[in-house]
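*Asks:* Pasting in a structure now, in structure tokens, and then I'll have a few things to ask.
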Amino acid sequence: MKLSLIVPIYNEEKNISRLHHSITQTMTANEYNYELIMINDGSSDRSIEMIEALSQQDAHIKYVSFSRNFGKESAMLAGLKCSTGDAAIILDADLQHPPELIPQFVAAYQEGYDQVVARRDRDGEHILRKIPSQLFYKLINFNVDVDLVDGEGDFRLISRVVIDSILSLDEYNRFSKGIFEWVGFSKKTIPFKNVRREAGQSSFNFVSLLDYAIDGVLSYNNKPLRVCFYFGTVTLIICLLYILTTLIQIIFTGIDEPGYFTIISAILFLGGVQLFSLGVIGEYIGRIYSESKRRPHFIVERTNAEELKHD
Ligand code: UDP
Ligand code: MG
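Next up, the structure:
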């Protein structure tokens, strides 16, 4: 059995050698047959030089270097595309995904599970990260047809059938958390303790997480459009009722309506509802636009992986 370890790398010069050391230790201790696929996602530091130097010494290493930063999703996709193992394990370069868990992954795989997912707790995490994340899961599970679990991320083992099913999805806006769940197959969860980043900085901040959340909500189905539709319908019914009762009052009791408050609130409320709905529709149109361009997910600048050379 052969394992493909996939590591997306963006400005991780401080972590690469430590990561390589830690992976090599685990893999040789367990005598696994493996390849280590490192994807340099347009780093602006010395990451690629370090990866190339390592690949000269260690024949397990396959590397792919992008022409610019295409994002972690694209990096993972490139890794899966050039993986040749019976199963792939995706892990972060910052050692937040401890390679020591790999034997547990493999044991579960050998029991017959097609996906083995590490689930971390959020101990010691910054509150500005924790609360938006929890909100995100509430929002997304309301919207998405598959259940996403807080703490389950990209750190997982997926078998060849899962890899092939994921590669068969050709959408441009990729949201891997959902894609992994969407393809299905038997799944086992392994809990692990949250660890801090070894060195360097997280590349995700509050705004990029918010963008990520919106992507997650919108890249699944058209439920948000349905919500707009219901919202519009309810507003319309309320307005009609209001008009009707006011009219009846005017006819029978002849009250004169003090108009300012009602007019202003109607204008503002309806304006808000319309702008919100337009925003949702606009997001979908933007997505159709980017899907229809059929651009590649990434551009390879250099690589030593045969699989990607003729792509
Ligand atoms: N990463 C990447 N491209 C990006 C951003 C991040 O390949 O545009 C990689 C990064 O090098 C790391 C992993 O994705 O290996 C997770 O990134 P990070 O640690 O910044 O995210 P966090 O752990 O804070 O969610
Ligand atoms: Mg990290």
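The sequence shown begins at 1 in the UniProt record's numbering and counts up by one. Each residue gets a CB set at the ideal place from its N, CA and C atoms; glycine is no exception.
1. Can you tell which of 277, 26, 206 has its C-alpha closest to the C-alpha of residue 104?
2. Determine the closest residue to residue 22 out of 102, 141, 284, 159, with distance taken between C-alpha atoms.
3. Between the alpha carbons of residue 98 and residue 150, how many angstroms are there, rounded?
4. With DSSP as the reference, label residue 141 as helix, strand or coil.
5. Out of curiosity, what's the CA-to-CA distance linking residue 137 and residue 153?
6. Quick one: what's residue 189 bridged to in DSSP?
7. Check whether the stretch 103-120 touches the stretch 156-165, taking contact to mean three or more Cβ pairs, one atom from each stretch, closer than 8 Å.
8. Verify the CB distance criterion: does residue 140 have a CB-CB separation below 8 Å to chain D?
9. Taking 7 Å as the cut-off, is the CB of residue 94 close to at least one heavy atom of the ligand MG?
10. Which residue marks the beginning of the beta strand (DSSP E) containing residue 319, and which one marks its end?
11. With a threshold of 16 other CB atoms inside 10 Å of the CB of residue 222, please say whether the residue is buried or exposed.
12. Look up residue 83 in the DSSP assignment and say whether it is helix, strand or coil.
13. Using 8 Å for Cβ pairs, my map puts residue 177 next to residue 216. What's the rounded Cβ distance?
14. Smallest Cα separation from residue 196: which of 74, 96, 299?
*Replies:* So, from the data block:
1. 26
2. 102
3. 18 Å
4. helix
5. 12 Å
6. 117
7. yes
8. Within the model displayed, chain D is absent; a lone protein chain is all it includes.
9. yes
10. For the chain, the structure presents residues 1 to 311; residue 319 sits outside this window and is missing.
11. exposed
12. coil
13. 7 Å
14. 96
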